[in-house]
Amino acid sequence: MKLSQHAAASLPLGLTVLAATGSAGYALAAALASVCIDLDHILDYLIARRGWRGVKDFFAVCARAEFVKIHLVLHAWEWPIILCGGFGAGLVSPWLAAIGLGFGYHLVFDYLFNRPLPRPGLFYWLSYRAGKGFALDKLICPQYLAAQRAKAGPA
8 MKLSQHAAAS
18 LPLGLTVLAA
28 TGSAGYALAA
38 ALASVCIDLD
48 HILDYLIARR
58 GWRGVKDFFA
68 VCARAEFVKI
78 HLVLHAWEWP
88 IILCGGFGAG
98 LVSPWLAAIG
108 LGFGYHLVFD
118 YLFNRPLPRP
128 GLFYWLSYRA
138 GKGFALDKLI
148 CPQYLAAQRA
158 KAGPA
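For the record, in the sequence shown the residue sitting at position 84 is 91 according to the numbering used here, with numbers rising by one throughout.
Put into structure tokens, the structure is as follows:
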């Protein structure tokens, strides 16, 4: 999804949090978290390229899926469980719970719309990806990777 699509998709979450809590701050935190979770793609890019080569290169590498490993440390159900569960137990602030809600909201959309995953129910668990050594070829369907690379064109 494009940034504008992510932002638009986060509006219902923000409005729901605002209605439930009366806090514009919590609503904004949840909505921003649902968009900013994608910043973890930058870490995988930096590892793959061993440094930053510019925005254009970043998007090209992502489009061609030029990763050997894919960590996506924020794309993990562990975070919403820890943050929202911690809030429910009185251990975590409402701000962190709002971030957990935003992460969870984003993960639901990714689960529903990112279908190249052989086991989409497991992919969004950091522990599952770690168990596969974060190896892209063990986590994403090879046919999808080939199609993405062909569609994106030569490097």
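In this text, a Cβ means the ideal position worked out from N, Cα and C, and glycines have one as well.
Would you report the Cα separation of Lys63 and Pro161, rounded to the nearest angstrom? 14 Å
Once DSSP output is grouped into helix, strand and coil, what is the label at Ala83? The DSSP-derived three-state label of Ala83 is coil.
On the DSSP letters alone, give me the boundaries of the alpha helix (DSSP H) that Tyr118 sits inside. 101 to 120
Within this structure, are the beta carbons of Ile44 and His78 separated by less than 8 Å? no
With C-beta atoms as the reference, is Ile53 less than 8 Å away from Val80? Ile is not the amino acid found at residue 53; the sequence shown has Leu there. Leu53 is not a Cβ neighbour of Val80, given a cutoff of 8 Å.
What are the partner residues of Ala38, as DSSP defines its beta bridges? DSSP output for Ala38 lists no bridge partner at all.
Under the rule that 16 or more other beta-carbon atoms within 10 Å means buried, what is Leu98, buried or exposed? By the 10 Å Cβ count, Leu98 comes out exposed.
In three-state DSSP terms, what is Lys139? Judged by DSSP in its simplified three-state form, Lys139 adopts coil rather than helix or strand.
Of the listed residues Phe120, His48, Leu133, Arg126, nearest to Pro87 (C-alpha basis): Of the listed residues, the one whose Cα sits closest to Pro87 is Leu133.
When DSSP labels each residue in this structure, what does Lys9 get in the three-state scheme? In the three-state reduction of the DSSP assignment, Lys9 falls in the coil class, being assigned neither a helical nor a strand state.
Would a C-beta distance cut-off of 8 Å place Ala40 and Gly21 closer than the cut-off? no
Which residues mark the beginning and the end of the alpha helix (DSSP H) in which Cys148 is found? Careful: Cys148 lies outside any alpha helix (DSSP H) and carries neither H nor E.
Rounded to whole angstroms, what is the Cα-Cα separation between Pro149 and Arg126? 13 Å
Kindly indicate the opening and closing residues of the alpha helix (DSSP H) around Val62. 62 to 71
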